[in-house]
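Under the working numbering, the first residue of the sequence shown is numbered 678, with each subsequent residue one higher.
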Amino acid sequence: MNLPETQTIFKQILDEIINDDIKRKNLDKLTEIKKSIACKSAIKAGKHLDNQEIDILIKNWAKTKQPYTCPHGRPIIYKLSKDDIDKHFRRNMVITNFYNKW
Ligand SMILES: [Zn+2]
678 MNLPETQTIF KQILDEIIND DIKRKNLDKL TEIKKSIACK SAIKAGKHLD
728 NQEIDILIKN WAKTKQPYTC PHGRPIIYKL SKDDIDKHFR RNMVITNFYN
778 KW
């Protein structure tokens, strides 16, 4: 292989590397745009939904690959344990007081 051939091949390899990097950056940008569209078009807190809309929303949400966060990674669900609910409504205290009286 002579020097001009080597230079041509080297240039082709560099072009491929640069083009791959541009493609990857464009795909990254496209992914970010898709994430923004998904989050900006999402149903926001406080919006009233009827039962049918809630049903459709939950069914679609259950099919998602990433059900616990938005595409940016922000949590979209919060799980309350029964203990948390009992504490909030002071169920343990009521039961204790009830049994202490008898
Ligand atoms: Zn988001």
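Glycine is no exception: its CB is placed at the ideal position from the N, C-alpha and C atoms.
Should residue i be listed as close to ligand 1, given that the test is whether its C-beta is under 7 Å from any heavy atom?
i           : result
proline 748 : yes
leucine 767 : The sequence shown places arginine at residue 767, rather than the leucine named in the question. Outside the cutoff, so no.
lysine 702  : no
lysine 712  : yes
Out of the options, which has the shortest C-alpha to C-alpha gap to residue i?
i          : options                : result
lysine 756 : Lys688, Pro744, Pro748 : Pro744
valine 729 : Asn737, Asp705, Phe687 : Per the sequence shown, the amino acid found at residue 729 is glutamine instead of valine. Of Asn737, Asp705, Phe687, the residue nearest in Cα terms is Asn737.
>> For a minimum of 4 consecutive residues, which ranges assigned as the alpha helix (DSSP H) are wholly contained in the segment 704-771?
In response: 728-739, 759-765, all fully within the segment 704-771.
> Just checking, does the segment 732-750 make contact with the segment 708-718 on the three C-beta pairs under 8 Å criterion?
Replying inline: Judged by Cβ distances under 8 Å, the segment 732-750 makes contact with the segment 708-718, as three or more pairs qualify.
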